[in-house]
Amino acid sequence: MSAALPDAVVVEPTDRSTRWIDRWLEACEDLAELQRSNPMTDAVIEEIEGRRIRIGERWLVDFASCNYLGFDLERSIMNRVPEYLERWGTHPSWSRLLGSPALYEQIERRLTKLLGCEDTLILPTITLIHLSVIPVLAGGGTIYVDRRAHKTIYEGCQFASMRGATIKRFDHEDADDLERLLRKSPSGQRLVCIDGVNSMTGNAPDVARFAQLARQYDAILYVDDAHGFGVIGERGAPDVTPYGSRGNGVVRHFGESYDHVVFVAGLSKAYSSLAAFIACPPELKRLLKTSAPPYLYSGPSPTASLATVIAGLDLNDLRGDQIRAGLWEKTDTVLRCLERLGIHTPNESGFPIIEIPLARHEDVDAVGRFLFEQGIYVTLAAYPLVPRTEVGFRVQVTAANTQGEIEYLTDVLGKVANAFDLQPARSDRPKAAAA
Ligand SMILES: Cc1ncc(COP(=O)(O)O)c(C=O)c1O
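Sequential numbering of the sequence shown, starting at 104, is according to my numbering.
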């Protein structure tokens, strides 16, 4: 599942004599049971037709895809791939240090311009970026990490700690808690790691406040915006949707500069291509070219992915904001449906990630089966991937979902609300910023 693993899977032994493997098995029991028995996990998808997928004999509407802009199904993008294959073959299998096709330079220049940053460096995935860049940025200093940062950020922090960095956690999206820790700590290299748009709640932290703290305490703010890049971007009047425009990510969305900020995002979600990048000053880019193992050793992105990034950037220039306006309308239809039904979702942003927690975590298997029977495919969020109070399912809307599919989803959500106990809407929930 591509869902966040908010904390590392937490195993809390009460009996010290229990074997470590038994503790792990016990902690992951709910998830393992789902994986074994629920058709919504570990499924083999045999065929797709638009945003419908076939699993065995059953066709379902896919609301678990991260292809937010629908670029994976966009004919004008697919048609561009063969010309690149003709010129570059299927796969440039040099590591980037040994030889980078000029396509990389071309994409890096375009990303730098779109983001308004100093420079960018492409590596195959965000996970590889976290594992290789966080240790470089942290050195022997201190990493302050959001308690619920994505699991892959934690993996990067683990690597950094093996190289001498100290890790401190602050409360989720709580800049005051971060400042308390920054004030207490000795000076030295400091790195603050947070998510941009959160992969479960669909909300973004107050990046402006975090950036201000980074500058005040001479730290680097490291932001993973896997889900925001391509969807949200710079704001200005008049904004047609709460997403802002150009899809240039959460830093620009908050009107922030890249001063003391390192921005990381992927192209495998909104841009439907296997690649990721880090926006950073040129001297850091130079350093990473000899210190980040994926640049030195990893197999690179396939030609088709580099081609679809270029074609995707072209389409984004041409009508990205129009696509995002349609995406927002579809997301808004689902959010308004939940509001009518009186169902809670943590989504306050209007961004296209909508988590629906259950009142009783034990129901997750039955809810998953019910949705599957109804022909709706979602991401199940089970314990220990999320705390028991947040166990439920996550709906992701993409521009490629048809209006009919969105309406069908809202019908099925009504049936789920009748058949199961969901958490009631909270009266204090702020509404997504008006368009
Ligand atoms: C917030 C976040 N960061 C990183 C990743 C991993 O990205 P990649 O597949 O590029 O390694 C994901 C994947 O779901 C994610 O949600």
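Note that CB positions come from ideal geometry on N, CA and C, so glycine has one too.
Remember, it's a predicted structure, so these values are computed and weren't measured experimentally.
By DSSP's assignment, Cys383 forms a beta bridge with Asp222. Asp298 is positioned such that its CB atom lies no closer than 8 angstroms to that of Ser348. No Cβ-Cβ contact shorter than 8 angstroms links Ala379 with Leu218. The three-state secondary structure of Asp175, taken from DSSP, is helix.
DSSP links Leu324 through a beta bridge to Val295, Val364.
Secondary-structure assignment with DSSP links Asp165 through a beta bridge to Tyr480. In this structure, the alpha-carbon of Leu231 lies about 26 angstroms from that of Val147.
Here Leu390 has Val239 as same chain residues with Cβ atoms under 8 angstroms from its own Cβ, once five neighbours each way along the sequence are excluded.
Annotation: Asp280 to Asp249 spans about 10 angstroms, alpha carbon to alpha carbon.
In the three-state reduction of the DSSP assignment, Arg155 falls in the strand class. Taking the Cα positions, Phe332 is about 32 angstroms away from Ser288. When DSSP reads this structure, Thr245 sits in a beta bridge with Thr269, Arg293.
Judged by their CB atoms, Val353 and Asp328 are nearer to each other than the 8 angstroms cut-off. For the pair of segments examined, the region 150 to 165 was found to touch the region 477 to 486: the number of CB pairs separated by less than 8 angstroms reaches three. Judged by beta-carbon spacing, Phe366 lies beyond the 8 angstroms limit of Ala311, meaning their Cβ atoms are not closer than that value. In the DSSP annotation of this structure, the continuous segment of the beta strand (DSSP E) that includes Val498 starts and ends at 495 to 499. Taken from the Cβ of Ala329, at least one heavy atom of ligand 1 lies inside 7 angstroms.
Membership of Glu510 in any beta strand (DSSP E) is not indicated; the residue belongs instead to the alpha helix (DSSP H) covering 506 to 522. Rounded to the nearest whole angstrom, the C-alpha separation of Thr513 and Ala522 is 14 angstroms. Membership of Pro460 in the beta strand (DSSP E) is indicated by the continuous run 456 to 460. CA-to-CA, the gap between Arg251 and Arg154 works out to about 30 angstroms. The beta-bridge partner set that DSSP reports for Glu211 is empty. Around the beta-carbon of Ser530, fewer than 16 other beta-carbon atoms lie within 10 Å, marking it exposed. Pro527 sits exposed, since fewer than 16 C-beta atoms from the chains shown fall within 10 Å of its C-beta. Lys271 and Gln506 have their C-alpha atoms some 45 angstroms from each other.
Contact annotation: the region 122 to 138 touches the region 459 to 473, with at least three C-beta pairs closer than 8 angstroms. The beta carbon of Asn306 sits closer than 6 angstroms to those of Glu451, Ser452, all from its chain and outside the five residues before and after it, given in chain order. The C-alpha of Leu324 lies about 12 angstroms from the C-alpha of Ala382.
One Cα belongs to Leu516, the other to Ile446, and the distance between them is close to 10 angstroms. With a cut-off of 7 angstroms, the C-beta of His253 is classified as near ligand 1, since at least one heavy atom of the ligand falls inside that distance. Your pair Leu201 and Lys392 does not check out as a contact, with CB atoms roughly 12 angstroms apart and the cut at 8 angstroms. Annotated three-state conformation of Glu337 is strand, per DSSP.
Cβ contact annotation for Val494 (same chain, cutoff 7 angstroms, sequence separation greater than five): Pro460, Leu461, His464, Val467, Ala484, Ala485, Tyr486, in chain order. By the 16-neighbour rule on beta-carbons within 10 angstroms, Ser375 is buried. Boundaries of the alpha helix (DSSP H) around Leu285: 278 to 287. Assigned with DSSP and collapsed to three states, Ser348 falls in strand.
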